[in-house]
Amino acid sequence: MNTFDSIAIEFDLTHHSIKHVALEELRIDTQEKNKIYWIHSNLNQEDAFKQLVRKLKLPADVIQLCTEENNLSNLIDNDNALTLQIKCLASLELNENNEINLDNLVVHLTPNYCFTAADKPLPVLFEFFNSCSKSVHYAKTPCFILFLFLEGIINDYARVLFHYEEIAEQFDSLIQKTQENIYKEVAEVKHQTLQIKRDMIAIREILMRITSRNILVISEKCRSSLYNLSNHSHLIINEVDSIRELLNSLLGQIDNELMQKISETMAVLAAFAAIFLPLNLITGIYGMNFEWIPELRWKYGYFGALGLIIVCAICLYLLFKKKKWM
0 MNTFDSIAIE FDLTHHSIKH VALEELRIDT QEKNKIYWIH SNLNQEDAFK QLVRKLKLPA
60 DVIQLCTEEN NLSNLIDNDN ALTLQIKCLA SLELNENNEI NLDNLVVHLT PNYCFTAADK
120 PLPVLFEFFN SCSKSVHYAK TPCFILFLFL EGIINDYARV LFHYEEIAEQ FDSLIQKTQE
180 NIYKEVAEVK HQTLQIKRDM IAIREILMRI TSRNILVISE KCRSSLYNLS NHSHLIINEV
240 DSIRELLNSL LGQIDNELMQ KISETMAVLA AFAAIFLPLN LITGIYGMNF EWIPELRWKY
300 GYFGALGLII VCAICLYLLF KKKKWM
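Its first residue numbered 0, the sequence shown is counted upward by one per residue in this note's numbering.
Below, the structure written as structure tokens:
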């Protein structure tokens with residue numbers, strides 16, 4: 000999955016067949032209702048993009064979405080066209096830090112063709128390319144292309160979310176079996192699931208706007224299918240919330256273990272401080288050197304004081320040991 004070049008595919012709705020069309024030979028007859036097209040532009044191939052801009056007479060807002068960096072999902076409904084910018088996964092694999100890789104996909108839908116554009120070889124492009132020959136049997140309008148892309152994007156998020164669910168379960172098992180501190184790793188996974196939730200909410204809002212409005216390029220059958228996709232995205236968002244609850248629980252367990260270790264350490268330190276307190280008192284009394292302290296003139300006064308200190312220390316140590324404070 001190193002690259003996905005600019006491409007054009009013609010769908011014959013009468014014979015339920017597809018064929019590749021060279022960009023130089025691409026001619027779209029707006030009066031021909033039995034043929035629709037999918038045209039994809041690899042935005043790194045500037046010459047091909049400029050050629051498609053001329054041939055398709057792409058609107059200025061579509062060109063702007065393709066040429067400017069904008070990380071927000073967007074929907075533009077103009078006359079006989081629908082334009083979307085959707086954040087989707089650039090890879091189905093997580094990196095070494097369990098992070099996802101995202102990129103934007105621009106989709107421009109008209110009554111005769113569906114134009115897409117992206118910087119990277121997105122997994123959803125390969126999925127559509129491999130499945131479009133089977134899906135053409137059910138195609139009646141260009142919006143079936145839009146449906147397949149949106150379905151692929153949502154399914155990709157669901158696959159990656161399954162990986163995060165497995166990672167969360169591994170973290171749970173690791174916390175139960177070892178004393179390893181994985182707070183940072185759990186917090187990072189939680190942050191990534193939040194990113195997925197934000198993107199899925201944006202996709203759900205786009206689907207709700209499409210299905211609740213009378214858009215000319217969206218047929219009634221396609222609108223019903225997109226509504227089902229909206230429900231699917233809602234289920235994925237709920238699944239994200241469930242995983243985040245598990246991660247929050249793990250973070251709580253880690254916090255509790257850290258607090259318990261700190262409490263145990265403080266108890267030991269307090270016990271040692273308590274042991275040395277009477278010892279300091281004894282040495283402080285006999286260190287005053289007043290003239291009328293009888294013990295200072297005893298022959299064995301030093302050894303008696305030292306013995307008293309040792310006896311006090313041993314007694315306090317045994318007492319704290321019995322109380323399990325040490």
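Yeah, the Cβ is synthetic: ideal placement off N, Cα and C, and Gly gets one too.
task = With DSSP as the reference, label Thr29 as helix, strand or coil.
result = When secondary structure is reduced to three states using DSSP, Thr29 falls in the coil class, being assigned neither helix nor strand.
inquiry  = Using a Cβ distance threshold of 8 Å, determine whether the segment 61-69 contacts the segment 153-167, with at least three qualifying pairs required.
reply    = Because the criterion of three Cβ pairs below 8 Å is not met, the segment 61-69 and the segment 153-167 do not touch.
ask   = With burial defined as no fewer than 16 other Cβ atoms inside 10 Å of the residue's Cβ, what is the status of Val135: buried or exposed?
value = Counting Cβ neighbours within 10 Å, Val135 comes out buried, since at least 16 surround it.
ask   = Rounded to the nearest angstrom, how far is the Cβ of Val188 from that of Leu88, given a contact under 8 Å?
value = That pair is no contact at about 16 Å.
ask   = What is the DSSP secondary structure of Val185, reduced to helix, strand or coil?
value = Val185: helix per DSSP, three-state reduction.
request  = Return the first residue and the last residue of the alpha helix (DSSP H) that Thr66 is part of.
outcome  = Taken as a continuous stretch (DSSP letters only), the alpha helix (DSSP H) holding Thr66 covers Ala59 to Thr66.
query = Between Ile144 and the rest of its own chain, which residues show a CB-CB distance below 6 Å, the 5 nearest in sequence each way excluded?
reply = If the five residues before and after Ile144 are omitted, its C-beta is found closer than 6 Å to the C-beta atoms of Trp37 and Cys113, all from its own chain and listed in chain order.
request  = Determine the burial state of Met199: buried for a count of at least 16 other Cβ atoms within 10 Å of its Cβ, exposed for fewer.
outcome  = It is buried - the Cβ of Met199 has at least 16 other Cβ atoms within 10 Å.
task = List the endpoints of the continuous alpha helix (DSSP H) containing Ala47.
result = The continuous alpha helix (DSSP H) containing Ala47 extends over residues Glu45 to Leu55.
query = Tell me the DSSP bridge mates of Ala269?
reply = Answer is none; Ala269 lacks a bridge partner.
query = How is the beta strand (DSSP E) around Phe10 delimited, first residue to last?
reply = Here the beta strand (DSSP E) through Phe10 covers Ile6 to Asp11.
key: Straight-line gap, Gln84 to Leu104 (C-alpha atoms, nearest Å)   = Here the C-alpha atom of Gln84 lies approximately 6 Å from the C-alpha atom of Leu104.
key: Distance between beta carbons of Ile242 and Tyr316, contact taken as under 8 Å   = Not confirmed; about 49 Å, so no contact.
query = In terms of residues, what are the limits of the beta strand (DSSP E) holding Val106?
reply = DSSP places Val106 inside the beta strand (DSSP E), whose first and last residues are Leu101 to Leu108.
query = What separation, rounded to the nearest whole angstrom, lies between the Cα atoms of Leu173 and Leu257?
reply = Approximately 15 Å between the Cα atoms of the pair.
inquiry  = For Asp240 and Ala47, I'd like the C-alpha separation in whole angstroms.
reply    = If you draw a straight line from the Cα of Asp240 to the Cα of Ala47, it is about 42 Å long.
task = Mind listing, in chain order, the continuous beta strand (DSSP E) runs of no fewer than 3 residues lying wholly within the segment 174-252?
result = Within the segment 174-252, no complete beta strand (DSSP E) run reaches 3 residues.
task = Would you kindly report the start and end of the unbroken alpha helix (DSSP H) that includes Lys133?
result = Segment Pro122 to Ser134, the alpha helix (DSSP H) holding Lys133.
query = How big is the Cα-Cα spacing for Val106 and Ile181?
reply = Each residue's alpha carbon lies about 40 Å from the other.
query = Looking only at DSSP bridge pairs, what is Asn73 linked to?
reply = The partner list for Asn73 (beta bridge, DSSP) reads Gln84.
ask   = What is the DSSP secondary structure of Phe161, counted as helix, strand or coil?
value = Helix, per DSSP.
query = DSSP beta-bridge partners for Ile17?
reply = DSSP lists Phe10 as the beta-bridge partner residues of Ile17.
task = Please name the residue, chosen from Asn77, Leu22, Asp28 and Leu71, that lies closest to Gln50 on a Cα-to-Cα basis.
result = Scanning Asn77, Leu22, Asp28 and Leu71 for the CA closest to the CA of Gln50 turns up Leu22.
query = Thinking C-alpha only, which one of Ser90, Arg26 and Lys196 is nearest Leu121?
reply = Proximity to Leu121 across Ser90, Arg26 and Lys196 peaks at Ser90, based on C-alpha coordinates.
request  = Please report the Cβ distance between Leu12 and Ile35, rounded to the nearest whole angstrom; I am assuming they are in contact, meaning their Cβ atoms lie under 8 Å.
outcome  = Leu12 to Ile35, Cβ: 7 Å. Contact.
ask   = Secondary structure at Lys34, three-state DSSP: helix, strand or coil?
value = Lys34: strand per DSSP, three-state reduction.
message = When you compare the segment 209-224 with the segment 74-84, are there three or more beta-carbon pairs, one atom per stretch, that lie closer than 8 Å?
response = Cβ pair count under 8 Å is three or more, so yes.
inquiry  = Which residues does DSSP list as the beta-bridge partners of Phe114?
reply    = As computed with DSSP, Phe114 is found in a beta bridge with Ile38 and His107.
task = Please go through the same chain and pick out, in chain order, the residues whose beta-carbon is closer than 7 Å to the beta-carbon of Lys54, but skip the five residues on each side of it.
result = Excluding positions up to five away in sequence, the list reads Leu25.
query = With 16 other CB atoms within 10 Å as the buried threshold, where does Lys133 fall?
reply = Under this definition Lys133 is an exposed residue.
query = Just to confirm, are Ala201 and Leu101 a CB contact at a threshold of 9 Å?
reply = Cβ atoms of Ala201 and Leu101: not closer than 9 Å.
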